[in-house]
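This report concerns only the one structure given below.
4 protein chains.
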Amino acid sequence: MIRVTVWNEYIHEREYEGIRQVYPKGIHGCIGEFLGKNDDICVKYATLDMPEHGLTEEVLNETDVLIWWGHCAHDKVSDEVVERVKNHVLRGMGLIALHSAHHSKVMKTLLGTTLNLHWKHGDSEKLFCVNPAHPIAAGITEPIILENEEMYGEFFDIPKPDDEIFLGWFKSGQVFRSGVTFTRGMGKIFYFQPGHEEYPIYYQPQIQRIITNAVRWAAPYKKLDEVFPVIQEE
Amino acid sequence: MIRVTVWNEYIHEREYEGIRQVYPKGIHGCIGEFLGKNDDICVKYATLDMPEHGLTEEVLNETDVLIWWGHCAHDKVSDEVVERVKNHVLRGMGLIALHSAHHSKVMKTLLGTTLNLHWKHGDSEKLFCVNPAHPIAAGITEPIILENEEMYGEFFDIPKPDDEIFLGWFKSGQVFRSGVTFTRGMGKIFYFQPGHEEYPIYYQPQIQRIITNAVRWAAPYKKLDEVFPVIQEE
Amino acid sequence: MIRVTVWNEYIHEREYEGIRQVYPKGIHGCIGEFLGKNDDICVKYATLDMPEHGLTEEVLNETDVLIWWGHCAHDKVSDEVVERVKNHVLRGMGLIALHSAHHSKVMKTLLGTTLNLHWKHGDSEKLFCVNPAHPIAAGITEPIILENEEMYGEFFDIPKPDDEIFLGWFKSGQVFRSGVTFTRGMGKIFYFQPGHEEYPIYYQPQIQRIITNAVRWAAPYKKLDEVFPVIQEE
Amino acid sequence: MIRVTVWNEYIHEREYEGIRQVYPKGIHGCIGEFLGKNDDICVKYATLDMPEHGLTEEVLNETDVLIWWGHCAHDKVSDEVVERVKNHVLRGMGLIALHSAHHSKVMKTLLGTTLNLHWKHGDSEKLFCVNPAHPIAAGITEPIILENEEMYGEFFDIPKPDDEIFLGWFKSGQVFRSGVTFTRGMGKIFYFQPGHEEYPIYYQPQIQRIITNAVRWAAPYKKLDEVFPVIQEE
């Protein structure tokens, strides 16, 4: 059983009627719902407004894969929780950072770059798979159409990914490395660009398939009790 | 001094008046001309119709970087010459494969895959740099516009590149890994997608800058006398 | 159920009494035996002396992962069979090349380099994992000791691997990239250096664990009916 | 002209007579001396005890490549200076981290992992090149012998390197990824393991050649005025 915690800052859905209509249970609710339909996945939720943002040691100890959605409140996440999440990733917890989570403190501290990019409201996207043998691409056979999506464009300031799985084509004339993986310590990381809060992107079956694949890919076969130690040999 | 040999199958420019008008000295002539303006580069030419396609041992022994343009006559290149070129790449000769050279025998034997792709006549492209620290990208600061270009799209069946430097956005709705590098033995390889024969793409200053950068990047600091040997240690 | 075909040239075990005593059922018999104990893996065998080396279209159509052990008879493998195996790898069949299979025609045509290396009789090896998050390393927690092993040393003329999982330390003073992965088309490839025919290396539980992990990693989630095609878009 | 700043914490050489005898001008003095003999390189020095550790905005603005040697005083480097160095790396300043600099704050914040490893006093090392086509390996044809060196061994907790250039073999039975590269933003990073303070390793011509090669490789063709920005397109 893969234990997933879906974390959401959960602000837009409460503040804007239009967004609440798209995601009445929150973005986390939508993601948790489709993940929970799989027999091998169980889901818990955590949000910014909970004590310690819902990410206590107890919660993270029982999390195999953490999904992160955040946008307007990155700086509200406490440094202590960021350090704790990083520690768990280095020990093997998988991390799936969605859309604007590229700018989360967690991603910045793990990747070391700015993760800055180009962006634009109101665009349309096609996702292409450039790594069909990768398990995250299993079952994705055609380009995925996102009728409405915010544009994220290059240059995207990330380290060289371990693997690049999806490229995004934007109607307005931009490309983006939309699905990329990294490893930090024992932890596997998948960054996936789709998912602007105003559009019902996480309801699309192929997007759900990719995130489900990513959960299975990122789940550790073993989580370490502590980060890799310094060892003096004799 | 970097010794470049520009190889061209040189058929389209002779057979079609429209293409001859674009490249009256052949595509190789155009490429050799802009490269030759650099003090550190000297250029020779070779074409399909020469004996041994102009790629004798003598010529290759004096070649630091081979540029390859071919399209309709890949199967006219003799297996012996292909094997010879491969041998020189493995010993350190740089190889720059342009546009439809992706399907050349030389590229297929070095990379091991089909290099198949999607394509379409009459499109328009924007090239984005996704690896600005790479020496091949030096001096390229803005997206490059190719008003007219043949579309090459994903999935492009190549091995995982060592580095991905440019992505192409096509107006008709496709993306492409347009500038990618590989290493085989001591030889550095750059595949660069732009350059359909009907359009004056190799006259664009930024395209010339990229190919010139690639020549300097691919030039070996040392070319081996033979391929890496099997060595039995004592 | 993952369908594995274990291919062995099966010459040493017949010709040398000492080797037969180590592998009385052939190296393929030993490998097939430990793989077959897994509920999700079923095993067939093929050897050089069979018609078409046991690798007919029928056999390969029903093979998810091909394991290859060869040493003294690489040039006895027909080019037709090599081409057929390559075709199936590009369509998604996994390939695990063991020890001296680095010099097989199959590996050379897929990787494009010489795969030459340094070597020496009668050494001792320690295998270190440098990629503990990789599924092929699952359950491998300590360096693996091979009391007796042939030395394979650098420089090993391979393309840059997708992932490097194990490094070998040899007592006589050499290192080797002993466990590396590649992708060609839809096919995943794992090269694993241990397994000289004179030593009972494939009986070691950790070696068996690695090969079993590799089988599961290399098994395709989908095998294509043909290699990736050229597609002209409209 | 490549402007190099050699930074050293410069403590061991003052505190221990034996180390002072090896490096009477400090490790930085030795490194600066051999680099300075090249017509295209000019050298400045900075040490921990200087105001702002010698790494003011003015100094970094005039630095193309920063070399870093530190060991026992990593935590004495102020967070402000670490952040400033990181900013310059992201803007294109090359960084060469030597030996125990793996544990510097600068490396940890750029790479995101612990950089923990195994270690042992009093060992002997052989360095092998596994990437002979890389410019950092130019002119290195044989394994490099370090008669006396501290052992650094795997598992080394780093992200997947962009390129792996050298592997280290240690007599006591360990291997190490001794020369690896990373890119962060516009900045190129080379980590190179040799150089324990008690042994005259930086006097060895081949070690000097590698560090000199690395300086030329890491020098930016352009340093940005600021880190890559967020850009809203219209």
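Protein chains in written order, with my numbering: chain A, 947 to 1180; chain B, 947 to 1180; chain C, 947 to 1180; chain D, 947 to 1180.
Using N, Cα and C, we set each Cβ at its ideal position, and we do this for glycine too.
Query	Result
Would you kindly work out how many angstroms separate the C-alpha atoms of residue 1143/C and residue 1064/D, rounded to a whole number?	33 Å
In terms of residues, what are the limits of the alpha helix (DSSP H) holding residue 1160/B?	1151-1164
Cα-Cα, which of 1062/A, 1039/A, 1098/A and 1120/A is closest to residue 1133/A?	1039/A
Have a look at residue 1179/B and residue 1101/B and give me their C-alpha separation to the nearest angstrom.	44 Å
Which residue comes first and which comes last in the alpha helix (DSSP H) that contains residue 1109/C?	That residue, residue 1109/C, is in no alpha helix (DSSP H); its beta strand (DSSP E) goes 1109-1116.
Between residue 987/B and the rest of its own chain, which residues show a CB-CB distance below 7 Å, the 5 nearest in sequence each way excluded?	948, 950, 981 and 1161
Excluding five sequence neighbours on each side, which residues of the same chain lie with their C-beta closer than 7 Å to the C-beta of residue 1075/B?	1083, 1086, 1111 and 1112
Write down the C-beta distance between residue 1094/A and residue 1070/A rounded to the nearest angstrom, noting that I regard them as a contact closer than 8 Å.	6 Å
Taking the alpha carbon of residue 1140/D as the reference point, which residue from 1165/D, 1099/D and 1164/D has its own alpha carbon closest?	1099/D
List the endpoints of the continuous alpha helix (DSSP H) containing residue 987/D.	Looking at the DSSP string, residue 987/D is not in any alpha helix (DSSP H); the run it does join, the beta strand (DSSP E), is 987-993.
Check whether the region 1006-1016 of chain A touches the region 1152-1167 of chain A, counting contact only when three or more Cβ pairs, one atom from each stretch, lie closer than 8 Å.	yes
Classify residue 976/A: buried if its beta carbon has 16 or more other beta carbons within 10 angstroms, exposed otherwise.	buried
Check the Cβ of residue 1071/D against every Cβ in chain C and list those closer than 8 Å, keeping chain order.	The premise fails here: residue 1071/D is roughly 10 Å from chain C at the closest Cβ pair, so nothing lies under 8 Å.
By DSSP, does residue 1038/A sit in helix, in strand, or in coil?	coil
From 1091/B, 1174/B and 1120/B, pick the residue whose C-alpha is nearest to that of residue 1149/B; which is it?	1091/B
Return yes when the Cβ of residue 991/D is within less than 7 Å of the Cβ of residue 974/D, no when it is not.	yes
For a quick check, are the C-beta atoms of residue 956/A and residue 1002/A less than 7 Å apart?	no
For the alpha helix (DSSP H) containing residue 1005/D, name the first residue and the last one.	1003-1007
Between the Cα of residue 1155/D and the Cα atoms of 1088/D, 1115/D, 1166/D and 1035/D, which residue gives the shortest distance?	1088/D
Please determine, among 1079/A, 1104/A, 1145/A and 1072/A, the residue with the shortest C-alpha to C-alpha distance to residue 1115/B.	1072/A
Assign residue 1067/D to buried or exposed, taking buried as 16 or more other Cβ atoms, counted over all protein chains shown, within 10 Å of its Cβ.	exposed
Is residue 935/B helix, strand or coil by DSSP?	Any answer about residue 935/B is impossible in this case: the structure gives chain B only from 947 up to 1180.
Quick one: does residue 1168/B have its CB under 7 Å from some CB of chain C?	no
Give a yes or no on whether 7 Å exceeds the smallest Cβ distance from residue 1053/C to chain A.	no
Report the residue from 1096/C, 998/C, 1035/C and 1127/C whose alpha carbon sits nearest the alpha carbon of residue 1173/C.	1035/C
Excluding the 5 residues flanking residue 1129/A on each side, which residues of the same chain have their C-beta closer than 6 Å to its C-beta?	1108
Based on the DSSP output, what are the partners of residue 1069/A in its beta bridges?	1095/A
Skipping 5 residues on each side, what residues in its chain have a beta carbon closer than 7 Å to that of residue 1062/A?	1103
Using a Cβ-Cβ distance cut-off of 7 Å, determine whether residue 1022/D contacts chain A.	no
Of the residues 1020/D, 1027/D and 1028/D, which one's Cα is nearest the Cα of residue 1047/D?	1020/D
Could you please give me the residues that DSSP links to residue 1120/B through a beta bridge?	1116/B
Strictly under 7 Å for the Cβ-Cβ distance: is residue 1182/B near chain D by that measure?	The structure shown does not extend to residue 1182/B, since chain B is modelled only from 947 to 1180, so the question has no answer here.
Note down, in chain order, every chain A residue with its Cβ under 7 Å from the Cβ of residue 1056/D.	1058
Please report the distance separating the alpha-carbon of residue 954/A from that of residue 1177/D.	25 Å
For a test of the three-state rule: what should DSSP assign to residue 1016/B, helix, strand or coil?	coil
If I follow the unbroken alpha helix (DSSP H) through residue 1086/C, where does it start and stop?	First-last for residue 1086/C: undefined, no H or E at that position.
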